[in-house]
Every structure is written in C-alpha cells, then in structure tokens.
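Protein chains in written order, with the numbering used here: chain A, 81 to 337; chain B, 2 to 250. Where a beta carbon is used, it is the ideal one built from N, C-alpha and C, also for glycine.
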Amino acid sequence: MRDEQLTTVNAVPGASGVIDSADAVVTVRGLSKHYGDFVALDRLTFTLTAGTITGFLGPNGAGKTTTLRLLLGLAEPTAGEALVFGRRYRDLEQPTGMVGAVLESGDFDPGRSGRNHLRMLALATGIPYERAEELLNLVELGRAADRPVRTYSLGMRQRLGLAAALLGDPELLLLDEPANGLDPAGVHWLRGFLQQLAAGGRTILISSHVLAEVAQTVHSALIITSGRLAGQVQLDQLEDGARSLEAAYLELTGTMS
Amino acid sequence: MSHLVRSELLKQRTTRTTLLLLVWMTALILLVTLLHVLSLSSAHISSLDGQLKVVGWGTGIGALFAALLGAMSITSEFRHGTIRPTLLASPRRERVIAAKLLAGALTSLLVGLLAEALTAGIEAAGLAARGIHIHLGAADYLQLLAGGAAAAALFAAIGVGIGAVVRQQIGAVVGLCVWLLLIETTLIGNIPSAGKYAPGAAAGAIAGAIQTQSASQLVAPVLGVVLLVAYAAIAAAAGTLATTRRDVA
C-alpha cells in the first residue's frame, strides 16, 4: 500500500495539483473556511487513499480541527469541497459504518455513564447493544462502564471516544489529537491500538501537534499552517524517521529561523 | 425515525436532568398549591372559579417544566458537545430535531399529567381539611388531566424549538421562565383581550384552568388547541431552520 500513496508535494505551499484517484477515501479540494475576516482555511487541497495512516500536523490554530469539522459536515465550507468516499458526509447512507471520528473536544455529558453514551449512539444508528459491550471491552472500559463520565480520567475519555467512533466499524477514522493529555502508558496503548486498526486495512487521519507521537505511527504526514497546505512528507523517504520529520515540519511551518 | 426517538428517550433517562426537573416541579407545585389553598379566604376559594384558579397552577407549572425539558434536550447537547456525536450518527439534522420533538412531547404528556394530578390532589386535600365543599366535577378533572397533558406535550415542542434557536442553556431556561411566569401573567392581567391568545393562556384554555385566570376570560378549548399547535409548529420550524442552516462549533 505504501508506494501507492498520494502524490508527494514536498514543500509546495498551497499545493493544488493533487489528482484524486478513484480510490480516494478523503478528497479535500480548494477548501476554504472564513469566520468573518478570519481565514481559518485557505484553499486547502489533499487526498487520502485507502489503507493509509496519515498524520495531520501543524501548529495550534493551523486549521486541523476546522478541516475535520468540514469533512464531517458539522460546518459548511465557504468555498471548495470536503468529501469522504466521494460524497458529502451528510449524503452517506450509513455514515457511522463508513466514517468514525474522535473530536478533540471530548463530547460527553458528564452525568451520563460510558455505557449509556455508547448505547444512545448505537440506538440512533440501529447498532445492537452487544456491539457497545464489545467495544467497552476492547478499549478496556468494561469495569468503569456504569460510572458517570465525570469520574473518568482523560485517558478513559479518549478511549470512550474511540469506542464511539468504532461503533459502526468504519473504514475511515478521523482522529483529532487522540494522544492529547495521555500519560506515557496511554500513548503506548493508543499506538498499539491504532496500528492494530490500521492492520485491518482502515484509512486513518491523525491530527496532532506532537510530532514524536505521530512519527512512529503514520506512513505520511500532511503539514498545514495558517490554513494552507505547507507540504507533504513520506516517512519512508526520510532518512531518520522522527528527527527528520521534525526538521521538515519546522522548515515547512516556518518556525525555524 | 423510530430508532432516533428511542435514542432521545434513552438520553432523557440516562442523566439526572429529567429526574431533577420532576423533583423541582413537584416541590414547586406543593409549595404554590398549599400556599394558595391554605391562605386564600374562604370567600375566594369556595367558588368554582376560585378553585379553578388554584388548580390552574398545575397547568402553568406543568407547561413550564415541559418546555424546560424540551429546551434542555437540545441545549444540554450544545453545552456538553454531545451534539457532535449526535449529528455524526444522524447527519440529517431535521430528523434529529423531529426525534427530539416527539420524545419531548411523549415524556411531557406524563409531566403534564403529573403536574395536574398533584395540584388537583393537594387542592382537594387542602379544601377537605378546611371543610370547604369542592365544586370541581368529574368533567372538570377530566379536562384538567387530558388538557394539561396535551398542553404540556405542545409546550415541550415549543421548548425544543426555542432551545434549538438559542442553543445556550441558561438563555433558554431563563427566557422560558421569564416569559411564562412574568410576561404572560403581566400581559393577561393588564391586556386580557390580547393576553388570552398567548401560549400559556392557550394552555389554560385547553386544560380549563390556569393560575389567576378564570375560564371565562380564556378562549374556547378548541381555539386553545389551534393556537398552541400553531405556536408549537412555528417554534419547531424555527428550531429546524436554525439547526440545519448553522454550523456546529
């Protein structure tokens, strides 16, 4: 799969010449989002092909979360398009069976138990409760499942978010800063978990501002800054994994003097 | 659609919000009804009209808490961010609002029933304790229970609509309380010719009684139903538009 990856557009700011192939799982084309005068995204273009794990890197405020929200149909683009499996998210017949997402905001009602959080989402999509139980065990929340989420640690919330994203057994996972706030053991667990998911042929996009975390998990990295694509890096083409990813990142985001 | 309604009903059951609303409602009804039935002069409370005005508190309080239940079913999702997983599971937003309208209305049938039954029961007990004859008949009680339940269901829809437009929990809750407890009471007290067409007064018309207002000053029950259905439809339409047209942060 690795050599089938998208066109490398190393250090081409605002690159727009990426051709989406037939098996594009994610297609972002000329995507812009303005909030009044503030330009959150500026003609962002990239594609993701099936079976790849891609890092979505950039400083805080670069537009990573905005891109994910547009892909998920939570917000409308000002211009351009954000497609999953060639269609807008809201036009998918069974969206949770195709796309799973963990958003950075950690969206739980603190008074509701983890089990009931999964059940309300399972009910809404016609997924049996057994699937929720299966996932509670998979993310090792079985024993805490009946406690209200307000008693959960950050790591437990991240795992509950992952379980919710996996309810429909989706082919594409969009993860917003999944390692945020995790302790080293949690980060280690997450890495193994993601690699296991990827081994099943899923396409995964992981946004992060922690390079070292992503370097060991992803095949390639999209680097964005100020709402524009700064470049794309193929990790297997770098000589020394994490360290040269850092150099590329600093160069592309212009944070290195 | 039915699985979305079931999801909404599960949401209602799985936080303490619904239970707390019911506890607060019961406490408020207990307080208000006892205060009136024990402190009003015999002259005031010995007539059918006086007794209707007291039992009418059940209509007003039931409608208020049904509206709060409806409003919180959506504002709590914005407050805690669960609106995002909710919309990911069901990206057709108009369906989510429709499910909230239905689930809110279903639960609020019980809320309205409970409010009216409590008020009627406490009033009857208070009157009996004071040795005052009860003028309310079976037909009055029947209209009170059935009408109060129906009015509460429609008020839940109004609450969902307002909650979807306002999004902010405190704003929606304060707005509904101020409207029903202050503005409507002032309106109907000072300009009854216009005030009787307001949503709360329409609920009173359906149930046959609302606090401080004689049935004779309210519109006919059928007109009350028409008015309240219209208000609920307008609120639901506004809430649907506001939800489908705006971004979710």
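| query | In its own chain, which residues sit with a C-beta less than 6 Å from the C-beta of H114 (chain A), not counting the 5 before and 5 after it? | reply | T158
| task | Decide yes or no for the touch test of the segment 89–103 of chain B against the segment 184–193 of chain B: beta carbon pairs closer than 8 Å, at least 3 of them. | result | Result no; under three Cβ-Cβ pairs closer than 8 Å.
| query | Does the distance from the C-beta atom of G225 (chain B) to that of G160 (chain B) stay below 7 Å? | reply | no
| field | Limits of the unbroken beta strand (DSSP E) element including K113 (chain A) | value | For K113 (chain A), the uninterrupted beta strand (DSSP E) segment begins and ends at 104–115.
| message | Count Cβ pairs between the segment 57–65 of chain B and the segment 285–301 of chain A that sit closer than 8 Å; are there 3 or more? | response | Judged by Cβ distances under 8 Å, the segment 57–65 of chain B makes no contact with the segment 285–301 of chain A, as fewer than three pairs qualify.
| task | Quick one: grab the DSSP three-state call for V33 (chain B). | result | Residue state, collapsed to three classes: helix.
| Proximity winner among A:G138, A:R199, A:L154, relative to E9 (chain B) (alpha-carbon distances) | Closest option to E9 (chain B), judged by alpha-carbon separation, among A:G138, A:R199, A:L154: A:R199.
| Who does I133 (chain A) pair with in a DSSP beta bridge? | A:I284
| request: Pull up the CB-CB distance for R239 (chain A) and V229 (chain A), whole angstroms please, since I reckon it's below 8 Å. | output: The Cβ separation is near 11 Å, so there is no contact.
| field | At least three beta-carbon pairs within less than 8 Å, the segment 179–186 of chain B to the segment 122–136 of chain B | value | By the Cβ rule, the segment 179–186 of chain B does not count as touching the segment 122–136 of chain B, because fewer than three pairs are nearer than 8 Å.
| L152 (chain A), enclosing beta strand (DSSP E) - first and last residue | Premise fails: L152 (chain A) is in no beta strand (DSSP E) and is neither H nor E.
| message | Does any residue of chain A have a CB that is nearer than 7 Å to the CB of D248 (chain B)? | response | yes
| I304 (chain A) lies in the alpha helix (DSSP H); which residues open and close that run? | No alpha helix (DSSP H) contains I304 (chain A), which is instead part of the beta strand (DSSP E) from 300–305.
| Simplified DSSP state of S193 (chain A), which is helix, strand or coil | strand
| field | Closer than 8 Å at the beta carbon, the chain A residues around R131 (chain B) | value | Under the 8 Å cutoff, chain A gives no residues; its nearest Cβ is about 42 Å from R131 (chain B).
| query | Alpha carbon to alpha carbon, what distance is there between V164 (chain A) and E156 (chain A)? | reply | 14 Å
| query | How big is the Cα-Cα spacing for F136 (chain A) and G280 (chain A)? | reply | Between the alpha carbons of F136 (chain A) and G280 (chain A) lies a distance of about 21 Å.
| task | Could you spell out the range, first to last residue, of the alpha helix (DSSP H) harbouring V313 (chain A)? | result | Residue range 308–314 is occupied by the beta strand (DSSP E) that includes V313 (chain A), with no alpha helix (DSSP H) assigned at that position.
| message | Could you pull the DSSP bridge partners for Q214 (chain B) from this structure? | response | B:I211
| said: My assumption, with CB atoms under 8 Å, is that A208 (chain B) sits in contact with L229 (chain B). Please give the rounded CB distance. | reply: That belief does not hold up - the Cβ atoms of A208 (chain B) and L229 (chain B) are roughly 11 Å apart, past 8 Å.
| field | Assigned exposure category for I235 (chain B) - 16 Cβ within 10 Å defines buried | value | Residue environment for I235 (chain B): exposed (fewer than 16 other C-beta atoms within 10 angstroms of its C-beta).
| Could one say the Cβ of M200 (chain A) lies closer than 7 Å to chain B's Cβ atoms, at least one of them? | yes
| request: Give a yes or no on whether the minimum CB-CB distance between A155 (chain A) and chain B is below 7 Å. | output: yes
| Under 7 Å between C-beta atoms of D122 (chain A) and R308 (chain A) | Contact flag set, yes.
| query | If you draw a straight line from the C-alpha of V179 (chain A) to the C-alpha of A259 (chain A), how long is it? | reply | Rounded to the nearest angstrom, the two C-alpha atoms are 20 Å apart.
| query | At what residues does the beta strand (DSSP E) containing L255 (chain A) begin and finish? | reply | 252–256
| field | DSSP-derived helix/strand/coil call for L1 (chain B) | value | Not covered by the structure: residue 1 (chain B). The range shown for chain B is 2 to 250.
| said: Please classify W251 (chain B) as buried or exposed, where buried requires at least 16 other C-beta atoms within 10 Å of its C-beta. | reply: Any property of residue 251 (chain B) remains undetermined from this structure, which presents chain B solely from 2 to 250.
| field | Residues sharing a beta bridge with T159 (chain A), DSSP | value | First, the amino acid is wrong: residue 159 (chain A) is Ala here, not Thr. A:S112, per the DSSP bridge assignment.
| task | With distances taken Cα to Cα, identify the nearest neighbour of G127 (chain A) among A:A295, A:I284, A:R192, A:S193. | result | Correcting the residue identity first, residue 127 (chain A) is Thr in this sequence and not Gly. The option with the nearest alpha carbon to T127 (chain A) is A:I284.
| message | Going by the DSSP bridge assignment, what does T127 (chain A) pair with across the sheet? | response | A:T107
| Which residues in the same chain as E331 (chain A) place their Cβ atom closer than 6 Å to its Cβ, once the five residues preceding and following it in sequence are excluded? | none
| Whether A151 (chain B) touches A67 (chain B) by CB criterion (7 Å) | Their beta carbons are not under 7 Å apart, which means A151 (chain B) does not touch A67 (chain B) by this criterion.
| task | Can you grab the Cα-Cα spacing for the pair H37 (chain B) / E214 (chain A), in whole Å? | result | Spanning the two alpha carbons is a distance of roughly 56 Å.
| query | So, is P93 (chain A) buried or exposed, given that buried needs 16 or more other C-beta atoms within 10 angstroms? | reply | For P93 (chain A), the pLDDT reaches just 37, beneath the cut-off of 50, and the residue's location in the model is therefore unreliable, although a value from the coordinates is still provided. The residue is exposed, with fewer than 16 neighbouring Cβ atoms inside 10 Å.
| said: Looking only at its chain, what residues have a beta carbon closer than 7 Å to the beta carbon of L325 (chain A), apart from the 5 residues adjacent to it on each side? | reply: L291, A295, A301, V313, L315, L318
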